[in-house]
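Novice:
2 protein chains.
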Amino acid sequence: MKKHNFSAGPSILPQEVIKQAAAAVLNFNNSGLSLIEISHRSAPFVDVMDKARKLVLELMGLENKGYSAIFLQGGASLQFLMVPYNLLKVNGKATYLDTGTWASGAIKESKYVGTTEVLASSKDKGYNYIPKNFEIPTDADYFHCTSNNTIFGTQIKEFPVSPTLMVCDMSSDIFSRELDFSKFDLIYAGAQKNMGPAGTTLVVVKDEILGKSGRTIPSMLDYQIQIAKESMYNTPSVFAVYTSMLTLQWIKDMGGIAAIEKINNEKARILYAEIDSNPNFIGFAAKEDRSFMNVTFNLADESKKERFDSLWKAAGIEGLKGHRSVGGYRASIYNALPLESVQVLVDVMKQL
Amino acid sequence: MKKHNFSAGPSILPQEVIKQAAAAVLNFNNSGLSLIEISHRSAPFVDVMDKARKLVLELMGLENKGYSAIFLQGGASLQFLMVPYNLLKVNGKATYLDTGTWASGAIKESKYVGTTEVLASSKDKGYNYIPKNFEIPTDADYFHCTSNNTIFGTQIKEFPVSPTLMVCDMSSDIFSRELDFSKFDLIYAGAQKNMGPAGTTLVVVKDEILGKSGRTIPSMLDYQIQIAKESMYNTPSVFAVYTSMLTLQWIKDMGGIAAIEKINNEKARILYAEIDSNPNFIGFAAKEDRSFMNVTFNLADESKKERFDSLWKAAGIEGLKGHRSVGGYRASIYNALPLESVQVLVDVMKQL
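Those sequence lines, one after another, are chains F and P. Counting from 1 along the first sequence, just add 23 to a position and that's the residue number in the working numbering. Counting from 1 along the second sequence, just add 23 to a position and that's the residue number in the working numbering.
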């Protein structure tokens with residue numbers, strides 16, 4: 024039976040990417056050797072890394088605009104630490120928007136490095152909305168936000184205008200919608216949603232903002248070193264970078280972010296329409312802040328849980344269980360999830 | 024033509040591991056889903072992680088001896104920072120043995136954290152030997168050494184008796200020889216030599232030594248957090264951990280470290296015998312410190328380079344070029360390299 028993979032991350036990747044990745048593990052570029060047993064400094068892999076970095080800037084419209092793209096390790100969680108290490112000045116101040124678990128994680132690490140101010144939080148309502156109407160102080164070193172909150176299913180639709188550096192964790196909605204990426208000074212994203220397998224993290228940063236913190240930064244945490252070494256300061260996560268490159272190429276071949284966004288909008292539209300029209304379901308997130316990547320909802324009547332669970336499982340649906348901190352259901356409808364899979368879920372919801 | 028892969032890392036892995044890894048990328052555990060598109064918190068992947076951690080302790084004879092095994096990201100290079108963060112006490116002192124590029128890298132990061140003393144160095148002779156007869160001060164927080172120096176082809180044959188904590192970077196010879204691993208308090212290794220693909224790093228640590236530094240440690244750099252979360256504090260490098268688990272199982276199936284060591288000894292014996300008996304070649308490392316993983320040598324007569332290079336390339340040999348900082352040749356003969364491949368190289372050397 025065909026599977027419909029709604030996992031929140033690691034999550035569905037394009038079928039052709041999975042096939043190409045598996046083929047490269049057996050025989051990379053017809054070399055007779057596996058992708059995972061060659062030197063990362065060999066010309067064929069350096070080409071992969073260069074291509075991945077170039078595709079990122081191309082898809083974001085950031086080529087020749089003073090940005091670097093690098094592939095690191097450690098997930099977004101290590102970026103929670105690297106961002107303040109590199110951008111929070113000695114005696115300076117970092118500002119954060121608290122929209123959920125990952126934002127809170129970023130705030131925690133920043134506090135380890137220096138003065139950290141939370142400008143607004145939606146914790147009061149279980150993170151089911153995005154705070155608005157807060158002011159970003161002009162004397163802050165940077166403002167940090169999380170564009171999409173995987174666990175709660177909220178997403179920033181309009182980013183605040185920042186008088187200081189703008190830093191964004193886009194782990195769970197990168198490459199899913201058109202944005203003016205040049206309004207951001209630093210963007211980071213763990214690969215394992217829209218970009219590739221777990222094991223690599225993308226950082227896109229405006230070169231001119233670096234080297235100004237007044238701190239001595241350990242080598243592995245220093246963006247300038249990682250940029251100077253072109254993501255090869257030490258051995259990169261070869262398989263994850265290669266598979267990310269394939270996914271980036273797939274996005275480009277599909278017509279780029281604009282084309283993907285159209286499909287994403289349609290997927291979100293039909294799923295939220297069902298939630299709103301079907302009395303069996305209640306959406307979790309505030310309507311105006313609903314994520315187009317992670318659709319969170321609950322049953323109106325918990326006694327129907329067993330029946331609903333057996334219905335979607337019978338339809339080949341996987342990964343629909345909500346995060347343990349929220350409960351209910353979460354349908355993650357990332358770039359690679361076909362519209363057809365959303366239709367299967369909607370049909371199941373109608374059957375309840 | 025069959026390839027003989029002497030790459031220094033990422034490097035050769037067992038053929039059956041490569042086949043199983045590729046198969047899992049297509050369809051993991053007959054789930055109909057790829058290994059790289061399922062949740063790392065799903066039962067089948069949690070099993071993989073648990074099995075990998077258990078196999079490590081089992082192969083090292085460290086089960087039920089108060090050690091934890093964890094799989095992290097960032098390579099040995101991030102361990103260069105994590106070790107002092109976790110073990111170097113506030114106002115304490117770390118001690119290091121400088122045996123080459125990677126040891127120097129570790130020393131550099133430790134200096135960032137606190138007082139760091141280099142007890143001995145072989146830099147005076149281009150790192151072609153292992154310093155001996157140095158004393159480890161009893162008031163040091165720990166002593167750090169690098170068991171095998173990939174670039175220079177030297178290896179510690181007898182570890183010093185340490186009056187303080189013993190920390191070892193075993194990136195390039197882990198699981199290659201029997202050692203009394205219980206003499207070490209912390210061992211770390213990037214996966215990409217004897218254990219798996221690039222993208223994950225193994226840390227084996229005695230639990231009781233942690234939490235005593237007096238420092239506040241950022242979450243991602245704190246071994247105690249990573250142990251408590253069983254290597255799942257954040258999304259691990261799924262593919263690299265899975266493939267490492269397969270390789271660890273392969274080592275066990277081969278008869279464990281003792282059985283592998285016998286083959287490794289034979290491979291090193293015939294290759295060094297050829298270097299010593301063939302007037303065309305000169306070994307780089309001091310004889311008593313020769314690595315059984317990375318065999319470094321030069322031509323006696325540089326004018327024979329072109330002929331030698333075409334001979335080994337014609338034989339299907341890959342990755343024989345020495346590191347840029349040493350020159351000459353380096354034959355990396357890790358666990359997965361068959362004896363047959365070493366024989367092919369020796370035959371080529373005889374032809375020169």
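Glycine is no exception: its CB is placed at the ideal position from the N, C-alpha and C atoms. These numbers come from a predicted model, not from an experiment.
1) F175 of chain F CB to nearest chain P CB: under 8 Å?
2) Among P:P154, P:G279, P:L343, which has the Cα closest to the Cα of G84 of chain P?
3) Buried or exposed: S91 of chain P, going by 16 or more other Cβ atoms within 10 Å of its Cβ?
4) Output needed in chain order: residues of the segment 228-252 of chain F with a Cβ under 7 Å from some Cβ in chain P.
5) Could you pull out every residue in the same chain whose Cβ sits closer than 8 Å to the Cβ of L294 of chain P, ignoring the five residues on either side in sequence?
6) For T173 of chain F, collect the residues of the same chain with a Cβ closer than 6 Å to its Cβ; drop the 5 residues on either side in sequence, then sort them by chain order.
7) Should P220 of chain F be flagged as near chain P, meaning a C-beta pair shorter than 8 Å?
8) Cβ closer than 7 Å: which chain F residues qualify as neighbours of S30 of chain P?
9) Could you tell me the boundaries of the beta strand (DSSP E) in which D192 of chain F lies?
10) According to DSSP, Q178 of chain F sits in a beta bridge with which residue or residues?
11) Do E60 of chain P and N28 of chain F have their beta-carbon atoms positioned less than 8 Å apart in this structure?
12) Assuming K216 of chain F and S34 of chain F are in contact, meaning their beta carbons sit under 8 Å apart, how far apart are those beta carbons, in whole angstroms?
13) Could you give the first and the last residue of the continuous alpha helix (DSSP H) run that contains T239 of chain F?
14) From the beta carbon of K131 of chain F, is the nearest beta carbon of chain P less than 8 Å away?
15) Any heavy atom of the ligand PLP within a distance shorter than 7 Å of the CB on I159 of chain F?
16) Quick check: the Cα distance between L104 of chain F and S260 of chain F, rounded to an integer number of angstroms?
17) Give me the subset of the segment 207-218 of chain F whose CB atoms are less than 8 Å from a CB atom of chain P, sorted by chain position.
18) Can you name the residues of chain F whose CB is closer than 8 Å to the CB of A44 of chain P?
19) Can you tell me the Cβ-Cβ gap for V48 of chain F and I41 of chain P, rounded? I've got them flagged as a contact below 8 Å.
20) On the DSSP letters alone, give me the boundaries of the alpha helix (DSSP H) that D70 of chain P sits inside.
21) Hey, does P33 of chain P have any beta-carbon neighbour from chain F nearer than 8 Å?
22) So, does the CB of A263 of chain F fall closer than 8 Å to a CB anywhere in chain P?
23) Quick one: what's got a C-beta closer than 8 Å to V113 of chain F's C-beta in the same chain, skipping five residues either side?
24) If you draw a straight line from the C-alpha of E201 of chain P to the C-alpha of D208 of chain P, how long is it?
25) Hey, Y150 of chain F and G123 of chain F are a contact pair by Cβ (cut 8 Å); roughly how many whole angstroms apart?
26) Does any residue of chain P bring its CB to less than 8 Å from the CB of L36 of chain F?
27) Mind listing the chain P neighbours of I41 of chain F? Cutoff is C-beta to C-beta under 9 Å, in chain order.
28) Any beta carbon from chain F within less than 8 Å of E341 of chain P's own beta carbon?
29) Do the segment 148-165 of chain F and the segment 292-312 of chain F touch if we need at least three Cβ pairs shorter than 8 Å?
Specialist: Put simply:
1) When Cβ-Cβ separations below 8 Å define contact, F175 of chain F makes no contact with chain P.
2) P:G279
3) buried
4) T239, P241, S242, M243
5) V318, A354, I356, V365, L368, V369
6) A31, S195, N317
7) yes
8) E60, I61, S62
9) 188-192
10) Answer by DSSP bridge pairing, in chain order: F:N171.
11) yes
12) 6 Å
13) First-last for T239 of chain F: undefined, no H or E at that position.
14) yes
15) As presented, the structure is devoid of all ligands, the ligand PLP included, so that no description of it is given.
16) 20 Å
17) The residues in question are G213, Q215.
18) V48, I59
19) 6 Å
20) 66-83
21) yes
22) yes
23) The residues are G137, S236, G237, R238.
24) 16 Å
25) That belief holds up - the Cβ atoms of Y150 of chain F and G123 of chain F are roughly 4 Å apart, short of 8 Å.
26) Closer than 8 Å to the CB of L36 of chain F there is at least one CB belonging to chain P.
27) V48, L49, S57, I59, E60
28) Look at E341 of chain P: its C-beta is under 8 Å from a C-beta on chain F.
29) yes
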